[in-house]
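Trainee: Handing you a structure now.
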Amino acid sequence: MTAVADESARVTAAAEEPVRPPRGGFRRRFAKLPIDVWFEPLVIIVIGVGFLIWYQRTTFTETESASMSWPALRATIIDHIELTLTATVIVVCIAIPLGIALTRPSLKWLNPIAVNIANIGQAAPAIGLLVLFTFWLGTGFNTAVVGLVVYAVLPILQNTIVGLRQVDQRTVEASRGIGLSAIRTLFQVELPLAVPVILNGVRTALVILVGTATLSTFIGATSLGTLITTGITLFLPKLLVAGAVLVALLAMTIDWLGRLVELAATPRGIS
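Using numbering that gives the first Met the number 0, the letters of the sequence shown map in sequence onto residues 0 to 270.
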């Protein structure tokens with residue numbers, strides 16, 4: 000009896016001891032992160048710091064200062080971000096619902112037609128699309144948004160269709176078998192499983208839009224492309240370099256933020 004009582008006491012004491020996290024837990028969690036999650040921000044920081052040092056130490060001419068003074072540069076960056084995000088929101092609101100509709104049994108026959116139409120926008124030169132829309136809508140911000148939307152629909156539309164198609168039909172049938180409606184199955188089963196592929200398409204579209212938005216300067220919409228075209232036209236290499244570096248930094252930053260959203264939105268157990 001004494002031995003049993005001692006054993007019981009030891010078990011009780013062990014159960015009451017606070018659970019200590021295993022050593023090296025943070026190191027293991029860090030090692031599990033995909034390399035792009037921590038490496039890309041390091042590249043962004045290095046390039047950003049290098050650009051700031053160059054910006055602070057460089058003497059600009061009067062013509063260069065008109066575009067490179069901080070108030071003017073900040074306004075140009077904000078205009079570029081506004082143009083990109085506006086086009087992205089519209090593309091997402093069009094492409095994802097359309098992709099969902101095209102994976103429903105009653106509309107599957109429209110799938111090739113819709114994808115081919117979207118592919119026309121992607122295959123056509125971006126500057127050509129912007130010029131064509133200028134004849135129809137005139138110049139300015141709205142025309143640039145329309146052109147960017149047409150140009151960026153395909154990645155999100157195609158990834159939405161592919162993501163929903165790759166969901167195991169047995170999982171869908173099982174959810175319907177336990178009494179879920181088609182709508183609940185879509186939102187609680189199919190879309191969560193398709194999230195990684197869909198968000199990857201959104202990231203791709205964002206990066207495309209950041210780069211393509213520079214062309215909007217040719218139709219009267221302010222963007223970082225204004226620095227690039229001014230640098231080329233007036234042979235001002237500092238403006239050209241500044242515009243190119245800022246576009247690259249913006250694209251990498253948006254891509255990294257999109258990657259974080261993708262990881263956060265992906266259900267556990269899905270790589």
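C-beta atoms are modelled at their ideal positions from N, C-alpha and C, and glycine is treated no differently.
Which residues in the same chain as LEU245 place their Cβ atom closer than 6 Å to its Cβ, once the five residues preceding and following it in sequence are excluded?
Mentor: Residue mapping note: residue 245 aligns to position 246 of the sequence shown, counting from 1. Hits under 6 Å: LEU223.
Trainee: Measuring only the C-alpha atoms, how far is PRO154 from GLY137?
Mentor: As a position in the sequence shown, residue 154 is number 155, starting the count at 1. As a position in the sequence shown, residue 137 is number 138, starting the count at 1. So the two alpha carbons sit approximately 27 Å from each other.
Trainee: Mind the definition here: the region 77-85 touches the region 127-146 only if three or more C-beta pairs lie below 8 Å; say whether that holds.
Mentor: They touch, by the three-pair rule.
Trainee: Taking the alpha carbon of ALA151 as the reference point, which residue from ALA122, GLY162, LEU259, ILE99 has its own alpha carbon closest?
Mentor: In the sequence shown, the residue the question calls residue 151 occupies position 152. Comparing Cα-Cα distances from ALA151 to each of ALA122, GLY162, LEU259, ILE99, the minimum goes to ALA122.
Trainee: Could you round the C-beta distance between GLY49 and LEU248 to whole angstroms and report it? I think they count as a contact, below 8 Å.
Mentor: Translated into the one-based positions of the sequence shown, residue 49 becomes position 50. Translated into the one-based positions of the sequence shown, residue 248 becomes position 249. 10 Å between Cβ atoms; not a contact.
Trainee: Look at the alpha carbon of VAL32 and the alpha carbon of PHE38, and state the distance between them as a whole number of angstroms.
Mentor: Locating residue 32 in the sequence shown gives position 33, where the first residue counts as 1. Locating residue 38 in the sequence shown gives position 39, where the first residue counts as 1. In the sequence on display, residue 32 carries Leu and not Val. In a straight line, the C-alpha of LEU32 is about 10 Å away from that of PHE38.
Trainee: Going by CA-CA distance only, name the one from GLU172, ASP254, VAL171, GLY176 that's closest to LEU208.
Mentor: Residue mapping note: residue 208 aligns to position 209 of the sequence shown, counting from 1. With distances taken between Cα atoms, LEU208 lies closest to ASP254.
Trainee: Nearest CA to the CA of ALA115: which residue from VAL145, GLU63, ILE99, GLN157?
Mentor: Position 116 of the sequence shown, counting from 1, holds the residue named residue 115. Position check: residue 115 holds Asn in this sequence, whereas Ala was assumed. Here the closest residue by C-alpha is GLN157.
Trainee: If you count every other CB in all the chains shown that lies within 10 Å of the CB of ALA65, and 16 or more means buried, which is it?
Mentor: Looking up residue 65 in the sequence shown gives position 66. That one is exposed.
Trainee: On a CA-only basis, which of ILE77, LEU262, LEU256, ASN118 is nearest VAL194? Give me that one, please.
Mentor: Taking the first residue of the sequence shown as 1, we reach residue 194 at position 195. Here the closest residue by C-alpha is LEU262.
Trainee: What does a CB cutoff of less than 6 Å around PRO20 pick up in its chain, not counting 5 residues either side in sequence?
Mentor: For this step, residue 20 is matched to residue 21 along the sequence shown. A caution first: PRO20 carries a pLDDT of 49, below 50, which makes its placement in the model unreliable, though a value can still be read off. So no residue of the chain qualifies.
Trainee: If we count the other Cβ atoms within 10 Å of its Cβ and call it buried at 16 or more, is PHE132 buried or exposed?
Mentor: To locate residue 132, count along the sequence shown from 1; it is residue 133. Classification of PHE132: buried, given that the 10 Å Cβ count is 16 or more.
Trainee: Use the C-beta contact count for GLY127: other C-beta atoms within 10 angstroms, 16 or more gives buried, fewer gives exposed.
Mentor: Along the sequence shown, read from residue 1 onward, the residue named residue 127 stands at position 128. Looking at its Cβ environment, which holds fewer than 16 other Cβ atoms inside 10 Å, GLY127 is exposed.
Trainee: Do VAL196 and THR170 have their C-beta atoms closer together than 9 Å?
Mentor: Looking up residue 196 in the sequence shown gives position 197. Looking up residue 170 in the sequence shown gives position 171. Their beta carbons are not under 9 Å apart, which means VAL196 does not touch THR170 by this criterion.
Trainee: Report buried or exposed for GLU106, applying the criterion of at least 16 other Cβ atoms within 10 angstroms of its Cβ.
Mentor: As a first step, residue 106 is located in the sequence shown; it is residue number 107 there, counting from the start. It is worth fixing the name first, because residue 106 is Leu in this sequence and not Glu. So LEU106 ends up on the exposed side.
Trainee: Just the Cα atoms here: how many angstroms apart are LEU259 and THR203?
Mentor: Looking up residue 259 in the sequence shown gives position 260. Looking up residue 203 in the sequence shown gives position 204. Each residue's alpha carbon lies about 14 Å from the other.
Trainee: Would you report the Cα separation of VAL130 and GLY200, rounded to the nearest angstrom?
Mentor: Taking the sequence shown and counting its residues from 1, the one referred to as residue 130 is at position 131. Taking the sequence shown and counting its residues from 1, the one referred to as residue 200 is at position 201. Roughly 26 Å between the two C-alpha positions.
Trainee: Beta-carbon within less than 8 Å of ILE43's beta-carbon, same chain only, minus the 5 sequence neighbours each way: which residues are those?
Mentor: For the purposes of this step, residue 43 is taken as the residue at position 44 of the sequence shown. Taken in chain order, the residues that qualify are LEU248, MET251, THR252, TRP255.
Trainee: Go ahead and pull the three-state DSSP assignment for THR265.
Mentor: Numbered from its first residue, the sequence shown carries residue 265 at position 266. Coil at THR265, not helix or strand.
Trainee: By the 10 Å Cβ neighbour count, where 16 or more other Cβ atoms means buried, how is ALA173 classified, buried or exposed?
Mentor: The residue given as residue 173 occupies position 174 in the sequence shown. ALA173 comes out exposed.
Trainee: Using the Cβ count rule (16 or more neighbours within 10 Å means buried), how would you classify ALA86?
Mentor: Along the sequence shown, read from residue 1 onward, the residue named residue 86 stands at position 87. With 16 or more other Cβ atoms within 10 Å, it is buried.
Trainee: Buried or exposed: which applies to GLY146, given that a residue is buried once 16 or more other Cβ atoms fall within 10 Å of its Cβ?
Mentor: For the purposes of this step, residue 146 is taken as the residue at position 147 of the sequence shown. When all chains shown are included, GLY146 counts as buried.
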